[in-house]
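Visitor: Numbering follows numbering that gives the first Met the number 0, in which position 91 of the sequence shown is assigned residue number 90; successive positions increment by one, without gaps.
C-beta: ideal position from N, C-alpha, C; glycine also.
Below is a structure I'd like to ask you about.
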Amino acid sequence: MARYGPLYLRGLWTTVSLVLVSFVLGALLSIPIAFGRMSKKAIPRGLSFAFVYFFRGTPLIAQIFLVYYGFGEFRGFFESIGLWWFFREAWYCAIFAISLNSAAYQAEILRGAIQSVARGQWEGARSLGLSPVLIFWKVILPQAMIVALRPYANEIILMIKASAIVAIITVYDLFGETRRAYSRTFDFQTYIWAALFYLAIVEVLRNLTAVAEKRLIRHLKR
């Protein structure tokens with residue numbers, strides 16, 4: 000551990016960075032998808048459903064391979080539009096694929112949370128003359144976030160564990176650095192240390208979620 004500690008820390012930072020960036024990008028993308036799923040119009044509802052169905056129904060590793068290896072077949076096209084710098088890098092491909100995958104799951108979390116808010120909240124806000132945008136941001140979304148907090152935390156935990164597969168496309172995250180350390184030492188303890196790091200991350204996130212949830216629902220206990 001003393002010899003490969005810096006490698007573990009570098010891999011840990013890569014894992015945390017990858018998950019956080021992908022989660023934020025997925026969250027932004029999930030908003031229009033969630034509204035598309037709730038739309039009364041067939042086209043946005045159908046497109047949103049197809050997106051969610053594909054990315055939730057296929058393995059993440061297949062999606063990463065599709066982006067990293069599949070898009071490489073269209074190198075000429077991406078060079079012509081100035082995007083090859085993005086798709087030639089394993090790091091960007093990993094973020095791209097994981098963000099899309101997370102967006103599908105987050106869209107369903109957000110949709111369920113919004114629909115869990117009582118209809119009377121919408122009607123009461125409308126009776127006060129609030130605009131639909133203001134109703135959503137000031138009335139509906141804060142209540143929906145209370146419901147969605149734990150599902151979002153679970154999504155981050157799943158992303159942390161699933162991110163280990165990016166080592167296959169040469170992104171040296173925590174698991175990638177662990178594989179490299181094992182290839183040099185053939186010491187199985189390297190994987191035990193990696194497992195402990197993953198457990199520590201999950202435990203920290205679980206406790207942060209519990210603290211945040213207590214703060215968000217403290218007014219309900221009065």
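Grouping DSSP H, G and I as helix and E and B as strand, with all else coil, what is K160?
Guide: It is helical.
Visitor: Since R183 and Y171 should fall inside the 8 Å C-beta cutoff, what is the C-beta to C-beta distance between them, to a whole number of angstroms?
Guide: Rounded, the Cβ-Cβ distance is 13 Å, inconsistent with contact.
Visitor: In the structure shown, what three-state DSSP assignment does K137 receive?
Guide: Three-state DSSP puts K137 in a helix.
Visitor: With DSSP collapsed to three states, give me the class of R87.
Guide: R87: coil per DSSP, three-state reduction.
Visitor: Can you grab the Cα-Cα spacing for the pair F196 / P43, in whole Å?
Guide: Cα to Cα, F196 sits roughly 41 Å from P43.
Visitor: Identify whether T57 lies in helix, strand or coil by the three-state DSSP scheme.
Guide: It is coil, neither helix nor strand.
Visitor: Roughly how many whole angstroms lie between the Cα atoms of W12 and I145?
Guide: Answer to the nearest angstrom: the Cα atoms are 29 Å apart.
Visitor: Is it the case that the segment 54 to 64 contacts the segment 92 to 110, given that we only count it when at least three CB pairs across the two stretches are under 8 Å?
Guide: With a cut-off of 8 Å, the segment 54 to 64 and the segment 92 to 110 count as touching, because enough Cβ pairs lie within range.
Visitor: Can you tell me which of the three DSSP states K213 falls into?
Guide: DSSP places K213 in helix when its eight states are reduced to three.
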